[in-house]
Amino acid sequence: MLPGNSSFSRHSPTRLFVPECVHVAGVRRHEDGAVRNRRRGINPAQNDISEVPVSRFEGPPLRPICCCHRSNGPPVTDDEQPRQYAAREIDLTVTTAAGDREYTITPALIDAVGRRETDPDIDIYIDRHGVAGLATALTYAVARERGEVTHRLMAEDLDISPLAAEMILQALRPVVHEHYDIEEAGLGLDELDIDDGDDTSDA
Amino acid sequence: MSRLHIADTGLFVAMGQPSNSRYQAVRRLARRNDVTFVLPERVYEELTVDEPDVEEVPIDTAIDEGWATGAAPLEFSEPVVSRVMDGVQRYIANADDRPADEVERADAALAALAAQHLSSGSATEVYVYTTDIAAGEGAETVLASEGYGDSVTYVNGFRFIEDLVTGDS
Chain A
1 MLPGNSSFSR
11 HSPTRLFVPE
21 CVHVAGVRRH
31 EDGAVRNRRR
41 GINPAQNDIS
51 EVPVSRFEGP
61 PLRPICCCHR
71 SNGPPVTDDE
81 QPRQYAAREI
91 DLTVTTAAGD
101 REYTITPALI
111 DAVGRRETDP
121 DIDIYIDRHG
131 VAGLATALTY
141 AVARERGEVT
151 HRLMAEDLDI
161 SPLAAEMILQ
171 ALRPVVHEHY
181 DIEEAGLGLD
191 ELDIDDGDDT
201 SDA
Chain B
204 MSRLHIADTG
214 LFVAMGQPSN
224 SRYQAVRRLA
234 RRNDVTFVLP
244 ERVYEELTVD
254 EPDVEEVPID
264 TAIDEGWATG
274 AAPLEFSEPV
284 VSRVMDGVQR
294 YIANADDRPA
304 DEVERADAAL
314 AALAAQHLSS
324 GSATEVYVYT
334 TDIAAGEGAE
344 TVLASEGYGD
354 SVTYVNGFRF
364 IEDLVTGDS
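Line by line, the protein sequences are chains A and B.
Residues 1 to 203 in my numbering are what the first sequence spells out, letter by letter.
Residues 204 to 372 in my numbering are what the second sequence spells out, letter by letter.
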């Protein structure tokens, strides 16, 4: 089942097939005509990933637009059907502990889960808190990058240590910047008058 | 002109282990420019918590190496310290529509430490390094309202390290 068609119930394992490339984010919907910018693959206004109705993401299948899928053969056009692309399977099981809370599988969440293979912090977090927990953490990561919450507020809300909160927020930061428009805040080193840069030794 | 460099938890988390090029780049910059990162008490406590799932942050190594140090307790008897503390808590609470008393005091401790040093004259210029935008912008905003707008700089911890590593390579 493709993620665009996924409509899952509580406790049901959902199998997702995602493009075999690092740009899991690079998906867009075609059939509905809504071609979206890759960095805006999900609605940026939809800040709360974890508590919107599942039905909002029902729709046509998602297609990869990553350049690596276009490397062989003639240029890909939208009117050549059918098309094939490589996919790898990831297991995505969302379990809710209480109430009627619903979770939406967003491209950002799929991207984040996919990174557990290479990021031990994400892997451990999913082991401890599940994919649903990661979805919640991703919500905080977006809000943090927008200057709305701090790692300490997240820690307090979720009853985890501030250090554990900071770790997962940092692990999810690249996902947030890949899928959302985030304005840079604060200064970097280049704007500071600190580094005289006359010595490169590390004595 | 004396400078104070106040570091938040996220800066040290982002550096990684001493074998990491990010850690080494920050250490190199600190040594080259005689910078010592000062950690508010609560930040040090956060970094040294016993957390089985999380790799230990080598803050004690940085302290032993001499480019990081813990700050003395905040002097809440100084009116400006308390005012800045309350002000930053309100600022962060506003950003997330929650009551100010729910905001962790450690978020505001960065700015309060800056206020303490600026008001006593032990620092004339303060840099606040944090990965929490709300804490950094809150510090700048509230300290500006106390008349220290030109003396405080919020440094984005991620951008700082990224610039440093890019510049070194």
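From the three backbone atoms N, C-alpha and C, an ideal C-beta is built for every residue, glycine too.
Asked                                                                                                                 : Found
Exposed unless 16 or more other CB atoms sit within 10 angstroms - verdict on residue 118 of chain A                  : exposed
DSSP-derived helix/strand/coil call for residue 83 of chain A                                                         : coil
Start-to-end residues for the beta strand (DSSP E) that takes in residue 209 of chain B                               : 206-210
Beta carbon proximity, residue 185 of chain A to chain B, threshold 8 Å                                               : yes
Per-residue DSSP class, three states only, for residue 24 of chain A                                                  : In this prediction, residue 24 of chain A scores a pLDDT of 32, lower than 50, which makes its location untrustworthy; no coordinate-derived value is stated.
For residue 215 of chain B, the three-state DSSP class (helix, strand or coil)                                        : helix
Neighbour flag for residue 133 of chain A against chain B, beta carbons, 8 Å                                          : no
Whole beta strand (DSSP E) elements within the region 213-268 of chain B, 3-residue minimum                           : 240-242
Residue environment, residue 81 of chain A, which counts as buried when at least 16 other CB atoms sit within 10 Å    : exposed
Chain-ordered chain A contacts of residue 223 of chain B [CB-CB under 8 Å]                                            : Correct list: empty, because the minimum Cβ distance to chain A is about 13 Å.
Residue 184 of chain A in three-state terms, based on DSSP                                                            : coil
Best match in B/252, B/212, B/336 for proximity to residue 241 of chain B [C-alpha to C-alpha]                        : B/212
Three-state secondary structure (DSSP) of residue 273 of chain B                                                      : strand
Short CB-CB distance (under 8 Å) between residue 294 of chain B and chain A                                           : no
Coarse secondary structure for residue 358 of chain B, derived from DSSP in three states                              : strand
Residue-level contact to chain B via CB, residue 124 of chain A, 8 Å cutoff                                           : yes
Beta carbon of residue 151 of chain A nearer than 8 Å to that of residue 335 of chain B                               : yes
Residue-level contact to chain B via CB, residue 49 of chain A, 8 Å cutoff                                            : Because residue 49 of chain A carries a pLDDT of 36, less than 50, the predicted location of this residue cannot be relied on, and the following value inherits that uncertainty. No, residue 49 of chain A lies away from the interface with chain B (no Cβ there is under 8 Å from its Cβ).
Cβ of residue 286 of chain B within 8 Å of any chain A Cβ                                                             : no
Touch test, the region 257-264 of chain B against the region 282-294 of chain B, Cβ-Cβ under 8 Å, three pairs minimum : no
Contact set between residue 147 of chain A and chain B, taken where Cβ atoms lie within less than 7 Å                 : 298, 336, 337, 340
Beta-carbon proximity check, residue 298 of chain B vs residue 114 of chain A, cutoff 8 Å                             : no
Under 9 Å by beta carbon: chain A residues contacting residue 252 of chain B                                          : 161, 162, 163, 164
Where residue 175 of chain A sits in the DSSP three-state scheme                                                      : helix
Among B/361, B/366, B/369, the one whose alpha carbon lies nearest that of residue 173 of chain A                     : B/361
Under 9 Å (Cβ pairs) to chain A, residues found in the region 349-362 of chain B                                      : 356, 357, 358, 359, 360, 361, 362
Close Cβ partners of residue 194 of chain A (< 8 Å) along its chain, the five nearest in sequence each way excluded   : none
C-beta neighbour in chain A for residue 367 of chain B, strict 8 Å                                                    : yes
Near-chain A residues of the region 254-273 of chain B - C-beta to any C-beta below 9 Å                               : 254, 256, 257, 258, 260
Contact between the region 206-221 of chain B and the region 307-318 of chain B (3+ Cβ pairs under 8 Å)               : yes
Close Cβ partners of residue 244 of chain B (< 7 Å) along its chain, the five nearest in sequence each way excluded   : 273, 274, 276
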